[in-house]
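Below: one structure, written as structure tokens.
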Amino acid sequence: MSKFSQVYQRRRSRLEELAALPDIPQSVHNVDAENEEAASGISDCSLDSDWVPEADDGSSGGEIADSSENEVGGPGDTSIILIGEELRDQVSRLIREDKCEQKCLEGKAKELEQLLCSLSQMANGEKKQNIITTLAVLMQTDTVLRHRDHGLRQQFHYYLPIVGRVCRRAWCACYGVSTATGTRYRTRIKEGIFSIKAHGNRLNQHASAVDLRWLVSWFEEFARSAGDVVPVRVRKQKTEDEVVKLYYSDAEYTLLPPYFTWDQLYQEMHNYVEQIRLRVREPSPSTFRQYLSKLCPTIRIRSPRSNVCDVCSIYWARMRSGATAAESEEFGKHTAAARLMREEYKKDLASADEEHAVIIMDFSQNLTLPSISSTPSQWYFLSLRSVNMFGIYYANEAMQYNYVYDETVTGKGTDEVNSMLYHFINRIILPAGFRRLTIYADNCGGQNKNNYVVRMLLAHMSDLEVIKLKFFVKGHTKNAVDRGFGHVRKHLARLDIRTTDQLIDAVNDASSTSALVHIEAENHIIKEYRNVAKDAYKNLIGIQKYQLFEMREDNPGVVACKKGPDSDAVVQDLRRKYDGIVTDATRVQVLFTAHLEPLPKPPPNCEKIQTIYNQVRRYVPEEFINDALYDPPNDEDERKAKAIQKARAEKRKEATKKKKRARAAASESATDAAAELTDEAQGKTAHSAGEETHSNNLNRQQIKMMLIWNL
């Protein structure tokens with residue numbers, strides 16, 4: 001068998017091994033071939049509100065960017081285009097890891113960004129040719145020959161395009177090669193050859209030794225534990241007979257949190273191998289990224305724009321400018337806590353069955369009435385009618401219940417949360433026969449994470465065996481409810497809604513996996529739980545520092561609190577004592593059935609009523625003018641609105657006067673200070689003049705005495 005046949009057989013067996021991998025699309029089996037569909041990008045996401053993988057937007061986050069043939073000039077390219085955050089991170093890493101005593105890369109961040117961006121757009125062959133050509137030129141510029149024991153030593157200065165003169169180690173780091181590789185290139189140039197060596201159609205020996213089956217299975221398992229499965233709408237674009245055709249299909253993508261980068265993912269893989277002492281060939285970071293980008297196209301990293309965690313943003317800013325070891329360690333602890341809570345969330349979702357119910361609750365951003373797809377410019381400066389939406393995702397049925405009500409009904413406080421949660425438990429959870437309930441929510445203290453919610457859940461311990469209340473880590477609260485809210489927002493963005501009935505119908509039609517609960521002005525859902533819950537149980541001490549709370553039927557009135565999934569529990573008894581008697585389930589049941597009063601309605605916003613009638617009503621078509629939303633304000637509303645506007649104007653005037661007085665006082669103090677300095681300077685001048693006169697008089701007297709003495 002010839003050498004070419006052997007190479008061909010090895011390459012064919014390698015491709016057959018890739019094709020045998022489970023759940024890998026056929027379009028990405030050939031790692032060396034260009035993936036046309038991946039290059040076209042994913043540009044439409046109708047089912048996820050936070051991640052819109054457009055062809056030009058998917059690479060803006062700098063996480064995954066596939067190259068097309070038109071961009072890099074041919075198939076077989078495995079280059080990685082650096083854009084945005086990842087480019088800046090690599091520049092900061094180069095500057096931070098520069099061990100040169102002269103700090104040759106310091107102060108050249110902009111030039112390094114331009115250089116690395118240009119290099120990332122080159123194919124591997126183009127990049128190697130650029131390195132060898134640059135070395136060949138540098139070796140002939142200012143070469144110095146120095147004698148040593150076994151021959152001549154050739155020395156020359158290293159220069160980078162755009163950047164300038166650097167040391168050899170920095171030069172190799174910017175090009176992404178080792179110093180040994182640079183030495184090998186110099187030897188090749190000395191032999192009179194400055195072209196890249198022919199590839200010979202041979203596989204990369206190190207990359208071919210990687211166990212791709214294990215690598216893909218590890219990455220998929222890691223993504224399942226740390227990411228969110230999001231259904232998206234994939235758009236593929238093809239040109240046939242000079243006609244652009246769009247093809248849409250639905251797919252489920254796993255989105256990793258935005259604080260993960262490819263370097264961090266590689267470190268996770270390395271730590272996993274070291275922890276279990278697995279004897280497996282680890283790929284290099286570049287091979288790790290190239291293989292997983294092509295073999296796992298449905299696993300993506302969220303854009304950094306979707307990162308709402310302040311702690312992560314602060315650490316990212318510090319790490320780009322060079323973070324210390326302590327800061328990096330603190331950031332690792334923060335992300336580790338978020339990952340543990342996310343894994344706990346995944347386990348609970350998987351454990352939902354006929355006895356265990358899992359729900360997630362949260363408030364959406366306020367909707368507005370009226371809502372027009374092409375909003376008039378004047379409306380951006382007006383205050384419209386706010387509509388609140390509280391979502392409860394029922395994981396057992398993959399159904400979301402949206403409680404919708406406007407601002408005239410009630411607000412968004414803890415009483416409203418307790419009322420809607422109480423209604424959901426009594427209407428959905430208890431009739432279904434569940435014995436255990438797990439509730440997830442964010443860390444909002446005024447709505448979810450407070451003593452009133454814990455007390456209300458304690459009142460249900462006679463109906464359920466176990467209730468667990470768990471909170472996501474602050475800033476890392478992406479969950480299924482947000483996806484349901486995204487459906488509603490996208491659906492409303494395409495509609496013109498001018499009445500409450502239209503809004504209710506639109507929310508109901510936004511998704512087939514959602515149900516609507518409309519809370520009207522006169523309802524039996526919204527109750528006042530504060531006083532009743534306070535009479536039944538005591539406050540839980542230090543509630544904000546805990547993340548998990550557990551209540552059991554066999555231990556009534558007692559809450560087990562934990563700071564994390566793997567931390568120890570702290571038990572607190574919240575039962576009150578009346579005349580030496582501990583509050584029992586009967587008393588709690590009486591309080592929560594006979595003493596719950598309707599929550600008072602908020603006062604009408606007279607100024608908003610006036611604004612809608614005077615400035616919004618004229619944009620409304622004739623058929624909707626008679627809706628109650630556009631009713632004219634009465635005399636009392638007009639009087640209150642004018643009083644509010646007058647008070648606001650007076651407050652603004654008073655603030656302006658206060659600023660003027662502060663400026664005048666500052667100017668006066670500055671003038672006085674300048675005058676004091678002037679007086680002091682003049683005093684010093686007069687004193688020095690007096691001393692000079694006194695000195696002259698003394699000199700005259702001395703001369704006169706000397707003359708008399710001589711005579």
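Just so you know, we're using UniProt numbering here: the sequence shown kicks off at 1 and counts up by one.
The C-beta atom is built at its ideal place from N, Cα and C for all residues, glycine as well.
No experiment lies behind these values; they were computed from the predicted model shown.
Between the alpha carbons of residue i and residue j, how many angstroms are there, rounded?
i, j, result
"Tyr405", "Trp214", "51 Å"
"Glu282", "Glu274", "11 Å"
"Arg617", "Ile625", "7 Å"
"Lys660", "Pro376", "37 Å"
"Ala223", "Val232", "17 Å"
"Val243", "Arg235", "16 Å"
"Gln610", "Pro370", "15 Å"
"Asp241", "Ala123", "30 Å"
"Glu113", "Gln205", "31 Å"
"Ala533", "Val311", "34 Å"
"Ser208", "Gln267", "21 Å"
"Ala647", "Ile612", "20 Å"
"Ile497", "Glu638", "27 Å"
"Glu607", "Lys642", "8 Å"
"Leu629", "Gly332", "51 Å"
"Tyr8", "Ala198", "Legend: pLDDT at Tyr8 = 49, less than 50; position of this residue unreliable, value from coordinates given subsequently. Using only the alpha carbons, I get a separation of about 16 Å."
"Ile439", "Pro603", "32 Å"
"Asn130", "Asn479", "47 Å"
"Arg184", "Asp566", "51 Å"
"Gly542", "Gln365", "29 Å"
"Ser286", "Ser511", "41 Å"
"Val177", "Thr239", "39 Å"
"Gln400", "Val358", "12 Å"
"Asp579", "Glu597", "26 Å"
"Gln572", "Tyr537", "11 Å"
"Ala493", "Ile372", "8 Å"
"His270", "Pro258", "20 Å"
"Ser669", "Glu654", "22 Å"
"Gln264", "Ala665", "55 Å"
"Asn70", "Ser118", "Note that Asn70 scores a pLDDT of 37, beneath 50, so its modelled location is shaky; the value from the coordinates is reported in the next line. Their Cα atoms are separated by approximately 16 Å."
"Tyr159", "Gln90", "19 Å"
Who are residue i's beta bridge partners in DSSP?
i, result
"Asp211", "Answer is none; Asp211 lacks a bridge partner."
"Lys577", "Val582"
"Phe471", "Ala441"
"Ala337", "For Ala337, which the question treats as bridged, DSSP gives no partner whatsoever."
"Tyr315", "DSSP lists no partner for Tyr315."
"Phe549", "Leu469 and Cys561"
"Pro598", "Lys527"
"Gln572", "Val559"
"Gly164", "Leu160"
"Arg385", "Leu369"
"Leu246", "Gln237"
Kindly indicate the opening and closing residues of the beta strand (DSSP E) around residue i.
i, result
"Lys236", "Asp228 to Glu240"
"His518", "Ser514 to His518"
"His356", "His356 to Phe363"
"Ala560", "Asn555 to Lys562"
"Lys108", "Unbroken run through Lys108: none, as it is neither H nor E."
Going by DSSP, what residue range makes up the alpha helix (DSSP H) through residue i?
i, result
"Asn124", "Asn124 to Leu138"
"Thr611", "Cys606 to Thr611"
"Asp535", "Arg530 to Ala536"
"Asp263", "Trp262 to Ile276"
"Arg169", "Arg168 to Tyr175"
"Asp509", "Thr500 to Asp509"
Nearer than 7 Å: is that true of the beta carbon of residue i relative to any heavy atom of the ligand ATP?
i, result
"Asp211", "Although the ligand ATP was asked about, the structure shown includes no ligands whatsoever."
Alpha carbons only, please: which of the options is nearest the one belonging to residue i?
i, options, result
"Asp211", "Asp98, Ser284, His595 and Ile425", "Ser284"
"Lys490", "Phe390, Gly227, Asp501 and Ala506", "Ala506"
"Asn605", "Ala109, Ser118, Gly411 and Asp584", "Gly411"
"Gln121", "Val137, Tyr175 and Phe592", "Tyr175"
"Glu623", "Gln378, Leu492, Met389 and Thr499", "Thr499"
"residue 760", "Ser178, Arg165, Asn388 and Gln129", "The requested residue 760 is not part of the displayed model; the chain covers only 1 to 711."
"Glu465", "Leu278, Arg552 and Thr583", "Arg552"
"Thr408", "Phe424, Asn388 and Arg277", "Asn388"
"Glu111", "Lys99, Glu126 and Ile95", "Ile95"
"Leu367", "Gln502, Gln154 and Gln547", "Gln502"
"Ile519", "Tyr452, Tyr403 and Arg483", "Tyr403"
"Asp463", "Gly484, Leu437, Asn450 and Ile276", "Leu437"
"Leu340", "Ala674, Gln90, Thr678 and Gly564", "Gly564"
Complete runs of the beta strand (DSSP E) confined to the region 389-460 [at least 3 residues]: 399-406 and 436-441
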